[in-house]
Amino acid sequence: MFQALPYEGNRSEQFVAVLEQLKALIHDEPSSIANLANASALLNSFLPDINWVGFYLYDGQELVLGPFQGLPACIRIPLNRGVCGTAAGERRTIVVDDVHEFPGHIACDAASNSEIVVPLIKNGELFGVLDIDSPLKGRFDHEERQFLEQFAAIISKSL
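Counting in the numbering used here, the sequence shown runs from 357 upward without gaps.
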């Protein structure tokens, strides 16, 4: 059973605590969908100032909406289109301080102003992306990027 914990200490210590919670949540669970659902719920409860967090899964042709927390979202995203499609196509993390300045941005929620997308790679293959939106411009910094890349790596191992 999951126990909500107060996140104490400095930010780095809090990130470590969340990564440990993630490992405990997905330990021995074979269902990718269940693991992704719990992972999105964990991030939604931990990260302040976000309005959407979830996963898009690669079906061999495009990204398809997976487990998430937030308002209903775009269902399909072509590779190399928008922030999610670009991160998936280039297989690299993309941080956008102002989504309105990102060429080809796909606006699923008008309240979103910044975004981070981290690819999920397993055995060298694209599985999907972790996508997080915020109503604040410049919401995601380098330290949080590193944390979310570690988070995505743990998730990728469970897939």
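The beta-carbon is built from N, C-alpha and C at its ideal position, and this holds for glycine as well.
Quick caveat: nothing in here was measured; it's all calculated off a predicted structure.
For the pair R432 and V420, the Cα-to-Cα distance works out to about 5 Å.
Segment contact: the stretch 377 to 389 against the stretch 451 to 464, fewer than three CB-CB distances shorter than 8 Å; contact not assigned.
Rounded to whole angstroms, F424 and A393 show a C-alpha spacing of 6 Å. Burial of E471 is indicated by the presence of at least 16 other C-beta atoms within 10 angstroms of its C-beta.
Under the three-state reduction of DSSP, Q417 is assigned to coil, being neither helix nor strand. Take the alpha-carbon of G480 and the one of R447: they are about 10 Å apart. For K478, the uninterrupted beta strand (DSSP E) run begins and ends at S470 to K478, by DSSP. For F496, the secondary structure class from DSSP, reduced to helix, strand or coil, is coil. Cβ neighbours of V374 within its own chain (closer than 6 Å, five residues either side excluded): F402.
CA-to-CA, the gap between V485 and F503 works out to about 15 Å.
DSSP places E457 in no alpha helix (DSSP H); its state is neither H nor E. Our two residues, K513 and K478, have alpha carbons roughly 7 Å apart in a direct line.
In the three-state reduction of the DSSP assignment, I389 falls in the helix class, which pools H, G and I. With a beta-carbon spacing of about 28 Å, L492 and F483 fall beyond the 8 Å limit used to define contacts. For R432, the enclosing beta strand (DSSP E) stretches over residues R432 to P434.
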